[in-house]
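Going by this note's numbering, the first residue of the sequence shown is number 202, and it counts up by one from there. Single-structure report; data block below.
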Amino acid sequence: MEYNENIAACIAEISEIAGYLWQKGWAERNGGNISCNITDFADDVLAECSPLYGPVSLPRPLENLSGNYFLVTGTGRRMRYVASAPMDNMAIIKILDGGRSYVIVAEKAVVPTSELPSHLSVHSYLAGRGDGYRAVIHTHPIELVAMTHHKAFLEKDVLSRLLWSMIPETRAFCPKGVGIVPYQLPGSLALADATIALLDEYDVVLWEKHGAFAVGKNVVEAFDMIDTLSKSAQIYMSGRAMGFVPEGMTDAQMQELKQAFNL
Numbered sequence: 202m203e204y205n206e207n208i209a210a211c212i213a214e215i216s217e218i219a220g221y222l223w224q225k226g227w228a229e230r231n232g233g234n235i236s237c238n239i240t241d242f243a244d245d246v247l248a249e250c251s252p253l254y255g256p257v258s259l260p261r262p263l264e265n266l267s268g269n270y271f272l273v274t275g276t277g278r279r280m281r282y283v284a285s286a287p288m289d290n291m292a293i294i295k296i297l298d299g300g301r302s303y304v305i306v307a308e309k310a311v312v313p314t315s316e317l318p319s320h321l322s323v324h325s326y327l328a329g330r331g332d333g334y335r336a337v338i339h340t341h342p343i344e345l346v347a348m349t350h351h352k353a354f355l356e357k358d359v360l361s362r363l364l365w366s367m368i369p370e371t372r373a374f375c376p377k378g379v380g381i382v383p384y385q386l387p388g389s390l391a392l393a394d395a396t397i398a399l400l401d402e403y404d405v406v407l408w409e410k411h412g413a414f415a416v417g418k419n420v421v422e423a424f425d426m427i428d429t430l431s432k433s434a435q436i437y438m439s440g441r442a443m444g445f446v447p448e449g450m451t452d453a454q455m456q457e458l459k460q461a462f463n464l
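This is the structure:
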């Protein structure tokens, strides 16, 4: 199928980021998922596509998404294959019935990720917020997930401050830090709701013992947030592996950064 320039660019971005997730070791087997709202880019070609699969009922109505189109990675699909053959491993879906169901309209009948209810719940929230955030990434960054296995890091804002202190860029580019969702069943609406509750307050949400979740105006922006926090986690763990606890920037140094960058 021949896509317009904007949809083709979204496919290319997802392919690029899927490759990075695999190269970093954040996407074992079929781990992780990506979705992007492409409604603003939909054209007559897409509108005229006959459903390939569905309708499939959603677990709850999402009125904000009625008539919307999404690029979503498939269930059981590996990120390394999303990178090399994106539309063999992704689908474009359309939300129908006032947000109560979806159909697959392109390019093949690739069943969407099992985390689709979480993704769509977040997209519905983002659509209601109206700030242009269209992309959602869930992945398994090794060091960040490891940190969620330590109870002390699960206290409110403890991990944000630690990660901010490791390198100035983290304080500058992730000014709201990271929120923590206590363990919930993967793919559940409870996990989606707990994530949504933190999205206004934090740049990235960590799912305890599971992974990271980020939103952005595009897929690259969402990835960059996780990547920046992951670098800080690596710096911290490298220091611990060398036998010392990294000192980190002082409160005064971080306050100086906050003032300099208007954070």
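All C-beta atoms in this analysis are idealised placements derived from N, C-alpha and C, irrespective of residue type, glycine included.
Can you check whether the CB of residue j is closer than 7 Å to the CB of residue i?
i    : j    : result
C375 : T429 : yes
N234 : E308 : no
A152 : A423 : Any question about residue 152 goes unanswered here, given that the chain covers just 202 to 464.
A304 : P256 : The question names Ala, but residue 304 in the sequence shown is Val. Yes.
Y403 : K377 : yes
V283 : A219 : yes
I212 : V420 : no
R372 : L458 : yes
L327 : M280 : no
V379 : L360 : yes
A336 : G268 : no
With residue i as the anchor, note down where its alpha helix (DSSP H) starts and where it stops.
i    : result
L400 : Looking at the DSSP string, L400 is not in any alpha helix (DSSP H), and its letter there is neither H nor E.
A423 : 420–442
R281 : 280–285
R362 : 359–367
Y221 : 206–224
K459 : 452–461
Name the DSSP beta bridge partners of residue i, please?
i    : result
I338 : I235, A415
A292 : V273
V405 : V379, A415
Y303 : V257, I296
P313 : G275
Pick out whichever of the options has its Cα sitting closest to the Cα of residue i.
i    : options                : result
P383 : L363, M367, H351       : H351
L475 : V311, M288, N290       : Nothing about residue 475 can be read from this structure; the chain reaches only from 202 to 464.
A292 : T276, L390, D244       : T276
S285 : N463, G232, T349, E217 : E217
I208 : W223, G232, V246       : V246
M288 : G268, I296, P313, G440 : P313
L407 : I296, E214, Q385, Y326 : Q385
S319 : A243, Y204, V346, T396 : T396
D244 : G232, E206, N231       : E206
V346 : S267, K418, I427, K295 : I427
G388 : C250, L321, S251       : L321
V405 : S325, I338, V446       : I338
E409 : A434, F242, L392       : L392
E249 : A210, M202, N290       : M202
R278 : L390, Q435, N231       : N231
P369 : N463, Q454, S439       : Q454
D394 : A434, S325, Y437       : S325
H411 : R441, V446, T349       : T349
Since residue i is in the beta strand (DSSP E), which residue starts that stretch and which ends it?
i    : result
T274 : 270–274
Y254 : 254–258
Does the pairing of the stretch 235–250 with the stretch 265–272 give three or more beta-carbon distances under 8 Å? Taking one beta carbon from each stretch, the stretch 235–250 and the stretch 265–272 have 3 or more pairs nearer than 8 Å; the two touch.
Specify whether the stretch 259–269 and the stretch 293–303 touch according to this definition: at least 3 beta carbon pairs, one from each stretch, less than 8 Å apart. With the rule of 3 Cβ pairs closer than 8 Å, the stretch 259–269 counts as touching the stretch 293–303.
For the 8 Å Cβ check, are there 3 or more pairs between the stretch 356–371 and the stretch 442–459? A contact exists between the stretch 356–371 and the stretch 442–459.
Report yes or no: do the stretch 317–337 and the stretch 353–363 share at least 3 C-beta pairs separated by less than 8 Å? Touching, no.
Between the stretch 211–228 and the stretch 334–344, are three or more C-beta pairs nearer than 8 Å? They touch, by the three-pair rule.
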